[in-house]
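2 protein chains.
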Amino acid sequence: MDTLKSKIQAEGQVLSDQVLKVDAFLNHQIDPSLMGEIGDEFARRFADAGVTKIVTIEASGIAPAIMTGLKMGVPVIFARKHQSLTLTDNLLTSTVYSFTKRVESTIAISMTHLSSDDHVLIIDDFLANGKAAQALISIIQQAGASIAGLGIVIEKSFQVGRQELEKQGYRVESLARVKSLEGGQVTFVE
Amino acid sequence: MDTLKSKIQAEGQVLSDQVLKVDAFLNHQIDPSLMGEIGDEFARRFADAGVTKIVTIEASGIAPAIMTGLKMGVPVIFARKHQSLTLTDNLLTSTVYSFTKRVESTIAISMTHLSSDDHVLIIDDFLANGKAAQALISIIQQAGASIAGLGIVIEKSFQVGRQELEKQGYRVESLARVKSLEGGQVTFVE
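Protein sequence lines correspond, in order, to chains A and B.
The numbering of the first sequence is the UniProt record's numbering, which starts it at 1 and goes up by one.
The numbering of the second sequence is the UniProt record's numbering, which starts it at 1 and goes up by one.
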């Protein structure tokens, strides 16, 4: 997706060979118009996949997920990382280690909102080692629902996330595939 | 906003005289179409307010904020409650106590994205005692930016949040104003 790649080149900051900071338009400040285009693109790619629900994880997954949900006409659920007074019962949980936050956290979805009839599209802002994606898959499987695929805004293709997901048979659609961040430069997979 | 009030009556759960659970369409599962209508309504109400930026707080504020940003054509910033490896420098912070989570947390915005030229619309999912709103106001003032007003999805009008914000001279636009949750019933301000 060319507009996204241009935005990454123009406004992304390479903090190290591993870390790309896109706080200017995705992870802190959000560009709503770009999110709209991202929603259009995911909706187009998964148009025939029979998606009944979108699942993402707070906080940065919410904007691309909600735009995709709007285009596809399906509800969005965001997995919670933090305990809430109102989110208490019927929880499906899984643990995930976040590299960028350096903490292990428990993520949770209420089984009230997911059933074995659901065919779920997972949307997330980043795919790196795939830990968050695997935790979401675990929760969706606990609910007895099936998985239509994963829509990723930015994939770090030099990490193992995609490879392992594909090995498990999941369809992964990434809108920007970053081949390398070496030398402070973002290069994309052709 | 009638569609929102109907949704609250149909799918909201009164957990106590103080707590309304709307995890079915706002705080956990999100109804993208309803969020689109909410964005339209905030954009209509603040059309002439000269808004240059929207500020919200993760996680539940993001969906209504991004839809409003899309309609108004302005960027959205979400204040972070949790430390991130990429959000490190030039932070403006404030502390807020969350009643529903029973924790005091520090919220942060990078001053990279807010300047004294900005006229900010604050969007949030709930207004109760106004603690989160006051923390956002503090951060926006630290950046030297001005405040166009506050757009709230659900206001608990029986708590002091709106009263105190109006006393400080801020414009508050709430799409559903809950007068009482007594007896397990949601009643709205006429």
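Think of the CB as a built atom: it goes at the ideal place given N, C-alpha and C, for glycine as much as any other residue.
Residue i and residue j closer than 8 Å at C-beta
i: Phe188 of chain B; j: Val172 of chain B; result: no
i: Ile123 of chain B; j: Ala65 of chain B; result: yes
i: Ile54 of chain A; j: Val74 of chain A; result: yes
i: Leu114 of chain B; j: Ala145 of chain B; result: yes
i: Ala133 of chain B; j: Leu150 of chain B; result: yes
i: Thr93 of chain A; j: Glu104 of chain A; result: no
i: Ser33 of chain B; j: Asp125 of chain B; result: no
i: Val153 of chain A; j: Gly12 of chain A; result: no
i: Gln163 of chain B; j: Ala128 of chain B; result: no
i: Gly184 of chain A; j: Val14 of chain A; result: yes
Cβ distance (whole Å) where residue i is taken to contact residue j below 8 Å
i: His82 of chain A; j: Ile77 of chain B; result: So it is not a contact: roughly 20 Å between Cβ atoms.
i: Leu91 of chain B; j: Ala108 of chain B; result: 5 Å
i: Phe25 of chain B; j: Lys7 of chain B; result: 6 Å
i: Leu136 of chain A; j: Ile57 of chain A; result: 6 Å
i: Tyr97 of chain B; j: Lys71 of chain B; result: Not a contact, Cβ separation roughly 32 Å.
i: Ala63 of chain B; j: Ala148 of chain B; result: At roughly 20 Å, the Cβ-Cβ gap does not stay under 8 Å, so Ala63 of chain B and Ala148 of chain B are not in contact.
i: Thr68 of chain B; j: Phe42 of chain B; result: 4 Å
Classification of residue i by the beta-carbon crowding that lies within 10 angstroms, buried from 16 upward
i: Arg44 of chain B; result: exposed
i: Glu182 of chain A; result: exposed
i: Ser157 of chain A; result: buried
i: Glu155 of chain A; result: buried
i: Asp118 of chain B; result: buried
i: Gly36 of chain B; result: buried
i: Ser110 of chain B; result: buried
i: Asp89 of chain A; result: exposed
i: Asp2 of chain B; result: exposed
i: Ser174 of chain B; result: buried
i: residue 196 of chain B; result: This structure does not reach residue 196 of chain B, given that chain B is present from 1 up to 190, and the question cannot be answered.
i: Gly161 of chain A; result: buried
i: Asp31 of chain B; result: buried
Local conformation of residue i per DSSP, three classes
i: His119 of chain A; result: strand
i: Gly69 of chain B; result: helix
i: Ser33 of chain A; result: helix
i: Gln141 of chain A; result: helix
i: Ser60 of chain A; result: coil
i: Gln18 of chain A; result: coil
i: Leu26 of chain B; result: coil
i: Lys167 of chain A; result: helix
i: Glu190 of chain A; result: coil
i: Ala148 of chain A; result: strand
i: Ala43 of chain A; result: helix
i: Met81 of chain A; result: Residue identity differs from the one stated: residue 81 of chain A is Lys in this sequence, not Met. Correct three-state label for Lys81 of chain A: coil.
i: Ala10 of chain A; result: helix
i: Leu127 of chain A; result: strand
i: Leu175 of chain A; result: strand
i: Thr106 of chain A; result: strand
i: Leu92 of chain A; result: strand
The ligand GTP heavy atom lying under 7 Å from the CB of residue i
i: Met67 of chain B; result: Judged by which ligands are present, the structure shown has none, so any question about the ligand GTP falls away.
Using Cβ-Cβ distances below 9 Å, what residues of the stretch 20-32 of chain A are close to chain B?
Leu20, Lys21, Val22, Asp23, Ala24, Phe25, Asn27, His28, Gln29, Ile30, Asp31, Pro32
Short of 9 Å Cβ to Cβ, which residues in the stretch 41-69 of chain B face chain A?
Lys53, Ile54, Glu58, Ala59, Ser60, Ile62, Ala63, Ala65, Ile66, Met67, Thr68, Gly69
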